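Here is the structure:
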């Protein structure tokens, strides 16, 4: 099976559940149902890894330290890009190399997604121009101000308009299951939700 | 404010969302509502940290690497203990020093909780003797077999009987919010759920 290379961006002050939710969903999805299939990668449709700009462990919100798998230079081609949010996104809005990397990586990816305020980075990078999008409820106005051509959707759990953006934090889990559904079908998404005992919105 | 020292155990092949869900909930809880209060620890009722037996980064399910904050020897007193699950629990069932640490730590903690198959470790350590408890749906029979005096509750999202055990993976988020409710009241739990846009079961 050709697995979808799924790169999840991490950075200092990334919100824990923003990256851990999609990491859980994509890394535990199996096309073969049950618990035994989860013991190997044989029927895993997603090859999930973290990517960061820096080599040092990333300090997520609440001081959870994560060692990223790949740097920007050595990361494999990314088919599915996940950009989580968190207070750390604010500093990245002025980080030109990061925005360049996002533009270049998104241009080559099949699926471009964000969780929470990860959408702010896409907006700043020009990737949401003319599109419908959403973000954490407290950042909806900021999203609109970063690019007035964005149609900001208030109250949506996630929005699919080329780029897939989600609402805050835990909404990233629902966004991830929607991607599983698109890639693997509804049955695989439902079975994986049952495996992690998640009640999809 | 005296913060509740919240130790979350991590180990190789711990399930990502099992520890990341409660980490998110406890570390983002604030007694002062809103987004600004989340930028500092001023109104944080929980001081959340990871604990592991080994110094090397822990390799969670899907190969997410986490650097633990404390080892067993240097960990501060733990008021609230969280034991997540995952396939890694199976090896720990035969790990006498781990079971000893669980018994000693649980004996001194105010709140003893587990997510998913973390309950298996408590059962093996004798901490669920005569109690009602639950675990991931695929491990309910294993839980019962580890200690026949446990009343295994099937279908519960979490069970409170001295020790608080939860069902699989994402149920740990609901368990964590229940603890927030017990410690800080319903309003704080609801406001924190709204902050991370989680729909409590």
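Residue numbers (the numbering used here), protein chains in the order written: chain D, 1 to 201; chain A, 202 to 402. We put the beta carbon where it would ideally sit given N, CA and C, even for glycine. It should be emphasised that the depicted structure is a prediction, and the values quoted were computed from it without experimental measurement.
Excluding five sequence positions before and after residue 370/A, the CB atoms of its chain that fall closer than 8 Å to its own CB belong to 216, 218, 219, 222, 286, 316, 317, 337, given in chain order. Short of 8 Å from the beta carbon of residue 38/D, and not among the five residues preceding or following it, lie these beta carbons of its own chain, in chain order: 28, 30, 195. The beta carbon of residue 136/D sits closer than 9 Å to some beta carbon of chain A.
The DSSP assignment places complete alpha helix (DSSP H) segments of no fewer than 4 residues inside the region 115-144 of chain D at 118-124, in order along the chain.
At a C-beta separation below 9 Å, residue 48/D has these neighbours in chain A: 263, 264, 265. Residue pairing of residue 402/A in beta bridges, as defined by DSSP: absent, with no partner found. For the region 378-390 of chain A, no residue has a beta-carbon sitting nearer than 9 Å to a beta-carbon of chain D. At a cut-off of 9 Å, the C-beta of residue 191/D has no neighbouring C-beta in chain A. Taking all protein chains in view, the Cβ of residue 36/D is surrounded by fewer than 16 other Cβ atoms within 10 Å, so the residue is classified as exposed. Beta-bridge partners assigned by DSSP to residue 248/A: 206/A. Counting only Cβ-Cβ distances below 9 Å, residue 153/D has no contacts in chain A at all, with the closest Cβ about 14 Å away.
At a cut-off of 9 Å between C-beta atoms, residue 24/D counts as an interface residue with respect to chain A. Residue 178/D is classed as buried because its beta carbon has at least 16 other beta carbons within 10 Å across all chains shown. Under the Cβ criterion (8 Å, minimum of three pairs), the region 175-194 of chain D does not count as touching the region 340-354 of chain A. By the Cβ criterion, the region 127-145 of chain D is not in contact with the region 358-376 of chain A, since fewer than three pairs of Cβ atoms, one from each stretch, lie closer than 8 Å.
DSSP, reduced to helix, strand and coil, places residue 367/A within a strand of the structure shown.
Distance from residue 281/A to residue 303/A at the Cβ level is roughly 14 Å; contact not present, criterion being Cβ atoms closer than 8 Å.
Nearest neighbour of residue 60/D by Cα position, chosen from 275/A, 271/A, 225/A, turns out to be 225/A.
DSSP places residue 99/D in the helix class (H, G or I) of the three-state scheme.
Closest option to residue 43/D, judged by alpha-carbon separation, among 3/D, 125/D, 171/D: 3/D.
The shortest C-alpha to C-alpha distance from residue 70/D to any of 82/D, 62/D, 11/D, 49/D is the one to 49/D.
Counting only the Cα atoms, residue 144/D lies some 24 Å from residue 173/D.
In this structure, residue 207/A sits away from residue 267/A, with a CB-CB distance that is not shorter than 9 Å. When rounded, the separation of the alpha-carbon atoms in residue 93/D and residue 324/A is 48 Å. Counting along the chain, residue 215/A sits inside no beta strand (DSSP E), nor does DSSP assign it H or E at all.
For residue 359/A, the enclosing beta strand (DSSP E) starts and ends at 359-362. With respect to chain D, the C-beta atom of residue 370/A has a partner C-beta closer than 9 Å. Rounded to the nearest angstrom, the Cβ distance from residue 58/D to residue 12/D is 6 Å, consistent with a contact under 8 Å. Under the three-state reduction of DSSP, residue 188/D is assigned to helix. The Cβ neighbour count for residue 100/D, taken over all protein chains shown within 10 Å, is under 16; the residue is labelled exposed. Between residue 227/A and residue 377/A a beta carbon distance of about 6 Å is seen, short of the 8 Å cut, so the two are scored as contacting.
Exposure of residue 233/A is indicated by the presence of fewer than 16 other C-beta atoms within 10 angstroms of its C-beta. Counting only Cβ-Cβ distances below 7 Å, residue 397/A has contacts in chain D at 17, 168, 169, 170, in chain order. Using a CB distance cut-off of 9 Å, residue 222/A counts as an interface residue toward chain D.
Taking a contact as a CB-CB distance under 8 Å, the pair residue 89/D and residue 120/D counts as one, their CB atoms being some 5 Å apart.
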